[in-house]
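Each remark here refers to the structure printed beneath this line.
Numbering (the working numbering), first residue to last: 3 to 390.
Below is the structure:
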């Protein structure tokens, strides 16, 4: 029986190097939200602090990429877990409803909460109250299909697939022509990252401990992004070119020629460090998803950055960096504490319910998945037979 598959006890066996990257990724995501929800981007006046805000913004896309690469790496070639899916959606539901109740009873919301908003809060995944969760759940649901395709593709076919998809989404849509970003939805990009993680898992030689080279590569690409940002701000301000001032956010997208290589390089760098397991690191990393669900709730986030921390008031301040550091660290610590409390109270009760009823539900749903899977396998088999 798949009992307590995702309980906290399992975290002690994880590679803490990867868990450190998970924590770093979520810190970068909090920093991104500090920038994007605390200031009127991309129409900021050109002063020295503009570069600070833009790089806090860039960290979020880097963090999302790393988060998906980590999750995908451990989902590749693993059996689909309904409990893992229910854990993710359950946490999203809890915080969506909890924040709704909080702003209906305690805090004054910054926008009206009508009946439609209340209804959507009870179905956060379906109505994309958290865009990341909605697309991540979609990725989890199709992961068995992706795993099947990965198992069928040879190394050469895999390289061709990645070459075409990354060429379209990174070299073209993420670098040359921003209008081509219509090619890329968030879910499609997550699928591509999943396939990248699968290739790393199957073909990367982890016995070669060349982490320094990967970290150096990440620094080079991030340094190039910094140089480009400074150049664009200078040219944009000097010639009053609004496009040059705006283009920085384009080069900081998830699929940009700068952010994507940094993401992969960081992931490989941490993956190739000597494996170790530190329990307290793994516990903190296990709370990182809850940090996202709390601080980026659609009701809470405007209150957080506009009312509580008053970000915009510090844009012209020489203390912006200190304010950003303090706000980001405070939010991360507070949300981690809240999430750890939830995990040890509400989530334990939730797991008991799953342990009691999950197998019965699974027995009814499994035949449907098996039927779909067999039809998919037959279609893919026919495809490869026709190809050969």
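Even glycine gets a Cβ: it sits at the ideal position worked out from N, Cα and C. In this text, all values refer to a predicted model and were calculated from it rather than measured experimentally.
- Under the three-pair Cβ rule at 8 angstroms, the region 40-49 does not count as touching the region 77-85.
- Residue 297 places its beta carbon less than 9 angstroms from that of residue 333.
- Under the three-state reduction of DSSP output, residue 266 falls in the helix class.
- Considered as a whole, the region 115-141 harbours 117-123 as its complete alpha helix (DSSP H) runs of no fewer than 4 residues, in chain order.
- Taken through DSSP and simplified to helix, strand or coil, residue 145 comes out as helix.
- Counting every other CB atom within 10 Å of its CB across the protein chains shown gives residue 205 a total below 16, marking it as exposed.
- In the three-state reduction of the DSSP assignment, residue 300 falls in the coil class.
- In the three-state scheme derived from DSSP, where H, G and I count as helix and E and B as strand, residue 322 is classed as helix.
- As the crow flies, the alpha-carbon of residue 191 is around 15 angstroms from that of residue 260.
- Cβ neighbours of residue 270 within its own chain (closer than 6 angstroms, five residues either side excluded): 216.
- Of 335, 305, 226 and 325, the smallest CA-CA separation from residue 292 is found for 335.
- Fully contained in the region 185-238 are the following alpha helix (DSSP H) runs of length 4 or more, in chain order: 188-205.
- Cβ atoms of residue 330 and residue 33 come within 8 angstroms of each other, at about 5 angstroms.
- The Cβ atoms of residue 199 and residue 31 do not sit closer than 9 angstroms to each other.
- Counting only runs of at least 4 residues, the region 4-87 fully encloses the following alpha helix (DSSP H) elements, listed from N- to C-terminal order: 18-38 and 50-77.
- At the C-beta level, residue 275 and residue 211 come within 9 angstroms of one another.
- CA-CA distance, residue 253 to residue 233, rounds to 13 angstroms.
- If you look at residue 167, you'll find it in the alpha helix (DSSP H) that goes 157-168.
- At a Cβ-Cβ threshold of 9 angstroms, residue 230 and residue 250 count as neighbours.
- In this structure, residue 138 sits near residue 90, with a CB-CB distance shorter than 9 angstroms.
- With fewer than 16 other beta carbons inside 10 angstroms of its own, residue 221 counts as exposed.
- Here the alpha carbon of residue 56 sits roughly 7 angstroms from the alpha carbon of residue 37.
- Selection 358, 223 and 246 evaluated against residue 264 yields 223 as nearest (Cα-Cα).
- Residue 277 is a Cβ neighbour of residue 17, given a cutoff of 9 angstroms.
- In the displayed model, residue 253 falls within coil according to three-state DSSP, outside both helix and strand.
- Apart from the 5 residues on each side of it in sequence, residue 68 sits with its Cβ closer than 7 angstroms to the Cβ of 23, 27, 265, 268 and 269 in its chain, given in chain order.
- Sixteen is the threshold: when 16 or more other Cβ atoms of the shown chains lie within 10 Å of the Cβ of residue 59, as they do, the residue is buried.
- At the C-beta level, residue 164 and residue 194 come within 9 angstroms of one another.
- Linking residue 284 to residue 318 through their CA atoms gives a straight-line distance of about 38 angstroms.
- In this structure, 313 is the residue among 313, 202, 328 and 358 with its C-alpha nearest to the C-alpha of residue 43.
- Cα atoms of residue 148 and residue 219: separation of roughly 29 angstroms, rounded to the nearest angstrom.
- Between residue 74 and the set 306, 201 and 328, the nearest pair of CA atoms involves 201.
- Judged by DSSP in its simplified three-state form, residue 314 adopts helix.
- Taking a 10 Å sphere around the C-beta of residue 326, we find 16 or more other C-beta atoms and assign the residue as buried.
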